[in-house]
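**Q** Here you go, one structure.
Protein chains: 2
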Amino acid sequence: MDRLKDTIVSKGKVVSESVLKVDSFLNHQIDCDLVDEAGEHFFSYFKDRSVDRIMTVESSGIAVATACARYFRKPVVFAKKQKPGTMTGDALTTQVHSFTKNTDYTLTLSKEFIQKGENILIMDDFLARGNAASGLADLVETAGAAVAGVGIVIEKGFQPGASILESRGYDVYSLAVIESLENNRVLFK
Amino acid sequence: MDRLKDTIVSKGKVVSESVLKVDSFLNHQIDCDLVDEAGEHFFSYFKDRSVDRIMTVESSGIAVATACARYFRKPVVFAKKQKPGTMTGDALTTQVHSFTKNTDYTLTLSKEFIQKGENILIMDDFLARGNAASGLADLVETAGAAVAGVGIVIEKGFQPGASILESRGYDVYSLAVIESLENNRVLFK
């Protein structure tokens, strides 16, 4: 997606050889036109997969998942990193390690929002080592549903997330794949 | 907003006299058509306020803020409840007490995403005692910007949030105001 790549180059900040900061348009401030176009791209790619729901994880995946869901006219469901006090029914949970924050957290999802046999499209803003997306896929499979695909806005192609998800049999579609952040420069694949 | 009220009645769950669970359409699973209509209502009401950005707090406010921002064609900025490891520049912070979770948290926002003199529209899914919205307003005022208004999807009219915000001089526009949750029934104002 050219507009996304242009925005990454003009507004992204390379913090280190493994960290790209995109907080001015994706995960702190949100460029709604950009996110809307991303949602449309995901819809074009996944529209024939009989998607029942779009699943993401709070917080940064919510905007793009919602933008995409508008095209599918299907609900978004977002897994929580903390179990809410009002979540009283049965919940699906899985442990995830965050390398960015160097902490573990429990992804939690009410059982009622994924039904057996459904096709669930997983979506997130970033894919690095794939821990969050793998955790979402674990929840989907535990519920007896199927992963219809994985839509990622920015993939760090130099980290193994996509390979790990593909080895589980999932189709990973990333709108921008970064080959390298070396020498303070974004190089796309 | 009639459709919202109908959905609250048909899909909301009264947990107690002060707690309404709306996780099947607003803050765990998201009904994107409903949220889109909510965004349009907020735009209709606030469209003459020269809004520069729409501000919310993660996670439940993001979907409706993004839906509304599409009409304004302005960016969303969401305050974080935990400071991200990649947030390196100057940040605005304020302490907020959550009655729902009975914890305190620090709202954090990068200074670069609110500029002095801007008009900021605050938006959230729920208004009860007004702590989160007041915290957002504190950040806006600390930055030398102005609160253009406060858009709320569901207001608990039996709690003082709206009065507190109005006493600070803000225009609070709620799409559904709940008068009471007594006798396991939702009564609108």
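Residue numbers (our numbering), protein chains in the order written: chain A, 11 to 199; chain B, 11 to 199. Each residue gets a CB set at the ideal place from its N, CA and C atoms; glycine is no exception.
I want to see whether chain A comes within less than 8 Å of D41 (chain B), judged by CB atoms only; does it?
**A** Taking Cβ atoms only, chain A reaches closer than 8 Å to D41 (chain B), which makes this a yes.
**Q** Could you tell me if D12 (chain A) is buried or exposed, where buried requires 16 or more neighbouring beta carbons within 10 angstroms of its beta carbon?
**A** Classification of D12 (chain A): exposed, given that the 10 Å Cβ count is below 16.
**Q** Closest by CA to L44 (chain B), which one among B:D16, B:K31, B:K93 and B:V61?
**A** Answer by Cα proximity: B:D16.
**Q** Measuring straight from C-alpha to C-alpha, what distance separates D46 (chain A) and D62 (chain B)?
**A** When rounded, the distance between both Cα atoms is 19 Å.
**Q** Along chain B, in chain order, which residues have C-beta atoms closer than 7 Å to that of G95 (chain A)?
**A** Within 7 Å Cβ-Cβ: T110 and K111.
**Q** Are the beta-carbon atoms belonging to V196 (chain A) and V19 (chain A) less than 8 Å from one another?
**A** A contact, by the Cβ cut-off of 8 Å.
**Q** Is Y81 (chain A) near F53 (chain A), with beta carbons less than 8 Å apart?
**A** Yes.
**Q** Excluding the 5 residues preceding and the 5 following A142 (chain B) in the sequence, name in chain order all residues of the same chain whose CB lies nearer than 7 Å to its CB.
**A** Excluding sequence neighbours, A142 (chain B) sits near V67, V106 and D134.
**Q** Spell out the partners DSSP gives N129 (chain B) in its beta bridges.
**A** DSSP output for N129 (chain B) lists B:A156 as bridge partner(s).
**Q** List the residues that DSSP assigns as beta-bridge partners of H107 (chain B).
**A** Its beta-bridge partners are B:D114.
**Q** Do K199 (chain B) and V187 (chain B) have their CB atoms nearer than 8 Å?
**A** Going by C-beta atoms, K199 (chain B) is nearer than 8 Å to V187 (chain B).
**Q** Spatial neighbours of A75 (chain B) within its chain, please: CB distance less than 6 Å, with the 5 preceding and 5 following residues excluded, ordered by chain position.
**A** Closer than 6 Å at the Cβ level, and outside the excluded window around A75 (chain B), lie I64, T66, V86 and M133.
**Q** Identify the contact partners of E68 (chain B) in chain A, using a Cβ-Cβ distance below 7 Å as the criterion.
**A** Under the 7 Å cutoff, chain A gives E68 and S69.
**Q** Do I130 (chain B) and A89 (chain B) have their CB atoms nearer than 8 Å?
**A** Taking 8 Å as the Cβ cut-off, I130 (chain B) and A89 (chain B) do not qualify as a contacting pair.
**Q** In this structure, does DSSP put G161 (chain B) in helix, strand or coil?
**A** In this structure, G161 (chain B) counts as strand in the three-state DSSP scheme.
**Q** Going by DSSP, which residues form a beta bridge with V74 (chain B)?
**A** Paired residue(s): none; V74 (chain B) is not in a bridge.
**Q** Beta carbon of L119 (chain A), beta carbon of A101 (chain A): below 8 Å?
**A** Against a cut-off of 8 Å, the Cβ pair of A101 (chain A) and L119 (chain A) comes out as a contact.
**Q** Comparing alpha-carbon positions, which option in A:S60, A:G167, A:L185 and A:A172 lies nearest E192 (chain A)?
**A** Checking every option, the nearest Cα to that of E192 (chain A) belongs to A:G167.
**Q** Can you tell me whether F109 (chain B) is buried or exposed? The criterion is at least 16 other CB atoms within 10 Å of its CB, across all chains shown.
**A** So F109 (chain B) counts as exposed.
**Q** Going straight from the alpha carbon of K121 (chain B) to that of V32 (chain A), what length do you get?
**A** When rounded, the distance between both Cα atoms is 15 Å.
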